[in-house]
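Read through the structure below, which is laid out as structure tokens, and then see the notes.
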Amino acid sequence: MLKFVLLVNKQGQTRLSQYYEYVPVEERVTTEADIVRKCLSRNEESCSFMEYKNFKVVFRRYASLYFIVGVDNSENELSILEFIHNIVETFDRYFESVCELDVSPLHTVVYASKISIGF
Amino acid sequence: MAKLLYIHMLGYPAHFGQMETLKLIASPRFSDKRLGYLGAMMLLDERQDIHILITNCMKNDMHHQVQYVVGLALCALGSICSEEMSRDLSGEVEKLLKSSNPYIVRKAALCAARIVRKVPDLMEVFVPTTRQLLSEKNHAVLLTGICLVTEMCTVNPDSLQHFRRFLPNLVRMLKNLIMAGYSPEHDVHGISDPFLQVRVLRLMRMLGKGDEDTSEMMNDILAQVATNTDSSKNVGHSILYETVLTIMDIQSESGLRVLAVNILGRFLSNSDRNVRYVALNTLLRTVSVDYNAVQRHRSTILDCLKESDVSIRRRALELSFALVNKNNIRTIMKEVLAFLDVAEPEFKSFIATNSLVAAEKHSPNKRWHIDTVLTVLIKAGSYMQEELVFTIIAMLSQTDQLHGYHTQRLYVALTNDISQQPLVQVAIWAVGEYGDLLVTGQVENEIGGGEEEEEEEEGRREVVQVTEDEVLDVLERVLQSPQSSPATRQYTLNSVMKLSSRFSTSLPRIKAMVSSYGNNMDMELQQRAVEYCAIFSKHDNMRKVA
Chain A
1 MLKFVLLVNK QGQTRLSQYY EYVPVEERVT TEADIVRKCL SRNEESCSFM
51 EYKNFKVVFR RYASLYFIVG VDNSENELSI LEFIHNIVET FDRYFESVCE
101 LDVSPLHTVV YASKISIGF
Chain B
1 MAKLLYIHML GYPAHFGQME TLKLIASPRF SDKRLGYLGA MMLLDERQDI
51 HILITNCMKN DMHHQVQYVV GLALCALGSI CSEEMSRDLS GEVEKLLKSS
101 NPYIVRKAAL CAARIVRKVP DLMEVFVPTT RQLLSEKNHA VLLTGICLVT
151 EMCTVNPDSL QHFRRFLPNL VRMLKNLIMA GYSPEHDVHG ISDPFLQVRV
201 LRLMRMLGKG DEDTSEMMND ILAQVATNTD SSKNVGHSIL YETVLTIMDI
251 QSESGLRVLA VNILGRFLSN SDRNVRYVAL NTLLRTVSVD YNAVQRHRST
301 ILDCLKESDV SIRRRALELS FALVNKNNIR TIMKEVLAFL DVAEPEFKSF
351 IATNSLVAAE KHSPNKRWHI DTVLTVLIKA GSYMQEELVF TIIAMLSQTD
401 QLHGYHTQRL YVALTNDISQ QPLVQVAIWA VGEYGDLLVT GQVENEIGGG
451 EEEEEEEEGR REVVQVTEDE VLDVLERVLQ SPQSSPATRQ YTLNSVMKLS
501 SRFSTSLPRI KAMVSSYGNN MDMELQQRAV EYCAIFSKHD NMRKVA
């Protein structure tokens, strides 16, 4: 089950965040900062998965954006990687060669497209 | 409003926007509604009472003619459903599930899944419609339908029995997906609709767990998926991974399990790090079930210890320890000890504890056991826990023939480095107990068949012969070093005392050393010193007996 989806740029600013469970606002900020710090410090060679507290984090870097997805322990990590790729392809198709700036103000469309993927 | 949402996303409080969202939702324009629902999804939660006000708006919107509006309402309900709202609106959702428009059915199914997760009692409302959902042609509807069923099974294990009847449908679905040719709308890198395949496999896993008959029905199709899937890309890998997980969890036949472990073995030699990580993780879970099959991949696992990625190394380490047995312990321990040199501190204590346990259970002979324990002590001494010191001491005292040998080695280690507390403690104890062996240079070898080969391998160890003074020098250094903990000093004082009965020529020096601690600040040391002095003075005549 998906717990959250984050899009973060290289400086660590959150461009998009969608939580699928209720998490209080302060906790969100601290968790995000922690996870982002860990993701940014990984280099090219390391794994795309991490374990954080009691759930798993799957992330992938596309140009200057990090796509971070938090899932619970029963989820298939490789299929989440496929899901992330699918999101990227959808954005690409919609925005015509998407870049980071496209993502920030227009997140209404983003939500609609994510939901249509079926998760 | 959009800006407000952005601010909220960054983490600042934005609850003053809630009334605005309500106004937006009620407006007839679509873009306003969209923004309003989005705001509602992000800003409202169960604790506020405002969300009840939306319920009416949502009800009206669900009967709207434009399908997108209906979709919006359903989305919002899915995200923020509270108990009361769910009860009110579940009837509407159920009606929409039966609608002919696939777009609406999709959204309704997802919404139903969320409601079921939140309020399990409402499950009965949706069960009859699932049958229809599962026989749809539209992949998206199928996907959401399976989501709904999976959710129901997670929430309520009794429903598993009910859904097992649908297994032939699922099998047929999977078969179609694999056999069917290229279909452009569902294709991802050459595999048709991997998301659906993965979901179906997961549902089959839940249905087959613990049930013989269902598992039997699945055997064929699982074997087919495993062999036919093209695994050159990540997509194929993810499907194979899900298949392996399913095979492991259901009561599958042994041939299928061997197939699964072989797939994992192939993953292990894949160049993609993620795949290797996933394989190691799964192997860790299956090692308790199917030990022998995993043994075959032992050498690959040991190679993974040299990976640059931390998570892979940790998994490989745990797996190696799980695989240890009498036959392979030497090879495994050699690799592990080599790894100990380069490992990070948090690994070291894990390795130390586990190596000792493994050595205790499976060591081929006593000498090897002691060698390994001493090597671990020397390399990772400061990361070991206190209790292990006692275990080691107990073990050393039980191996009678090797007292001289291990005292020698510990003495040499002690002279090299007195900063690692557990090492120092064990060494001091050994020196105290068997100091006479040290001085006379006696090293007895354990007698046993096949030992000659091992000795030739390790080469002759130098037999160290020291004088009593040198030994006392070392002990004095430990006593006075600022790095020694109070426990270590106590050990040392004890040892010095024991040596007084083993050493023949150094009695005055020992007495001087002990009495100098008679006025020490540390209570424990002072007490011991004073008592020992008393023994010296009053009971010297018992020396010959002791």
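Taken in order, these protein sequences are the chains called A and B. The first sequence stops at residue 119 when you use full-length UniProt numbering, and every number in between is there. The second sequence stops at residue 546 when you use full-length UniProt numbering, and every number in between is there. Yeah, the Cβ is synthetic: ideal placement off N, Cα and C, and Gly gets one too.
Classification of residue i by the beta-carbon crowding that lies within 10 angstroms, buried from 16 upward
{"i": "His406 of chain B", "result": "buried"}
{"i": "Ala534 of chain B", "result": "exposed"}
{"i": "Ser231 of chain B", "result": "buried"}
{"i": "Val342 of chain B", "result": "exposed"}
{"i": "Ala512 of chain B", "result": "exposed"}
{"i": "Gly255 of chain B", "result": "exposed"}
{"i": "Glu457 of chain B", "result": "With a pLDDT of 37 at Glu457 of chain B, under the threshold of 50, the predicted position of this residue should be treated as unreliable, and no value is reported."}
{"i": "Gln483 of chain B", "result": "exposed"}
{"i": "Tyr94 of chain A", "result": "exposed"}
{"i": "Ser397 of chain B", "result": "exposed"}
{"i": "Gly435 of chain B", "result": "buried"}
{"i": "Val66 of chain B", "result": "exposed"}
{"i": "Asn73 of chain A", "result": "exposed"}
{"i": "Gly36 of chain B", "result": "buried"}
{"i": "Glu242 of chain B", "result": "buried"}
Sequence-distant residues of its chain with Cβ nearer than 7 Å to residue i (five each side left out)
{"i": "Glu151 of chain B", "result": "Ala113, Val116, Arg117"}
{"i": "Val244 of chain B", "result": "Ala260, Ile263, Leu264, Thr282"}
{"i": "Leu240 of chain B", "result": "Ala226, Thr229, Ser231, Ile263"}
{"i": "Asn138 of chain B", "result": "Pro102"}
{"i": "Phe321 of chain B", "result": "Asn354, Ala358"}
{"i": "Ile68 of chain A", "result": "Leu6, Val8, Ile35, Cys39, Val57, Phe59"}
{"i": "Ala40 of chain B", "result": "Thr21, Ile25, Ile54, Ala76, Ile80"}
{"i": "Ser495 of chain B", "result": "Ile428, Trp429, Val431, Gly432, Leu475"}
{"i": "Tyr52 of chain A", "result": "Ile35"}
{"i": "Glu77 of chain A", "result": "Phe49, Lys56, Val58"}
{"i": "Phe166 of chain B", "result": "Leu134"}
Other residues of its chain near residue i: CB distance less than 6 Å, five sequence neighbours each side excluded
{"i": "Thr286 of chain B", "result": "Met248"}
{"i": "Lys379 of chain B", "result": "Leu340"}
{"i": "Asp32 of chain B", "result": "Leu24"}
{"i": "Leu133 of chain B", "result": "Gly145"}
Helix, strand or coil at residue i according to DSSP, with G and I counted as helix
{"i": "Thr399 of chain B", "result": "coil"}
{"i": "Gln295 of chain B", "result": "helix"}
{"i": "Met50 of chain A", "result": "strand"}
{"i": "Asn9 of chain A", "result": "strand"}
{"i": "Ser355 of chain B", "result": "helix"}
{"i": "Thr14 of chain A", "result": "strand"}
{"i": "Val188 of chain B", "result": "strand"}
{"i": "Arg106 of chain B", "result": "helix"}
{"i": "Tyr62 of chain A", "result": "strand"}
{"i": "Leu148 of chain B", "result": "helix"}
{"i": "Leu53 of chain B", "result": "helix"}
{"i": "Tyr411 of chain B", "result": "helix"}
{"i": "residue 581 of chain B", "result": "Residue 581 of chain B cannot be examined here, being either before or after the span of chain B that is shown, 1 to 546."}
Cα-Cα separation between residue i and residue j, rounded to whole angstroms
{"i": "Asp290 of chain B", "j": "Leu319 of chain B", "result": "13 Å"}
{"i": "Leu7 of chain A", "j": "Tyr19 of chain A", "result": "12 Å"}
{"i": "Lys59 of chain B", "j": "Met85 of chain B", "result": "10 Å"}
{"i": "Tyr22 of chain A", "j": "Val119 of chain B", "result": "15 Å"}
{"i": "Ile351 of chain B", "j": "Leu74 of chain B", "result": "53 Å"}
{"i": "Val70 of chain B", "j": "Arg199 of chain B", "result": "26 Å"}
{"i": "Ala180 of chain B", "j": "Glu27 of chain A", "result": "47 Å"}
{"i": "Asn176 of chain B", "j": "Glu344 of chain B", "result": "50 Å"}
{"i": "Phe536 of chain B", "j": "Pro508 of chain B", "result": "10 Å"}
{"i": "Val294 of chain B", "j": "Arg257 of chain B", "result": "11 Å"}
{"i": "Tyr62 of chain A", "j": "Ser363 of chain B", "result": "50 Å"}
{"i": "Ser159 of chain B", "j": "Phe126 of chain B", "result": "12 Å"}
{"i": "Cys153 of chain B", "j": "Pro128 of chain B", "result": "14 Å"}
Residue i Cβ short of 8 Å to the ligand HEM heavy atom set
{"i": "Arg172 of chain B", "result": "Because no ligand of any kind appears in the structure shown, any question about the ligand HEM cannot be addressed here."}
Same chain only: Cβ atoms within 8 Å of residue i, ignoring 5 sequence neighbours per side
{"i": "Ala529 of chain B", "result": "Leu493, Val514, Ser515, Ser516, Tyr517, Gly518, Asn520"}
{"i": "Thr246 of chain B", "result": "Leu201, Arg202, Met204, Arg205, Gly208, Met218, Leu222"}
{"i": "Leu53 of chain B", "result": "Leu22"}
{"i": "Val155 of chain B", "result": "Val116, Arg117, Pro120, Met123"}
{"i": "Ser311 of chain B", "result": "Tyr277"}
{"i": "Thr300 of chain B", "result": "Gly265, Leu268, Ser269"}
- Relative to chain A, which residues along the region 288-312 of chain B have a C-beta separation below 7 Å, given in chain order? From the region 288-312 of chain B, only Ser308, Asp309, Ser311, Ile312 have a Cβ closer than 7 Å to chain A.
- chain B contacts from the region 69-82 of chain A (Cβ-Cβ distance under 7 Å): For the region 69-82 of chain A, the set of residues with a beta-carbon nearer than 7 Å to any beta-carbon of chain B comprises Asn76, Glu77, Leu78, Ser79, Leu81, Glu82, in chain order.
- Quick one, which residues of the region 46-57 of chain A are near chain B if we go by CB-CB under 9 Å, in chain order? Hits within the stretch, in order: Ser46, Cys47, Ser48, Phe49, Met50, Glu51.
- Give, in chain order, every residue of the region 99-117 of chain B whose Cβ lies closer than 8 Å to some Cβ of chain A. Listed in sequence order: Arg106, Lys107, Leu110.
- Message: If the cut-off is 8 Å on Cβ atoms, which residues from the region 184-217 of chain B count as contacting chain A, listed in chain order?
- Response: Listed by position along the chain: Val188, Pro194, Phe195, Val198, Arg202.
- Output, in sequence order along the chain, the residues in the region 240-255 of chain B whose CB is closer than 8 Å to any CB in chain A. Contact residues of the region 240-255 of chain B toward chain A are Tyr241, Glu242, Leu245 (C-beta to C-beta distance below 8 Å).
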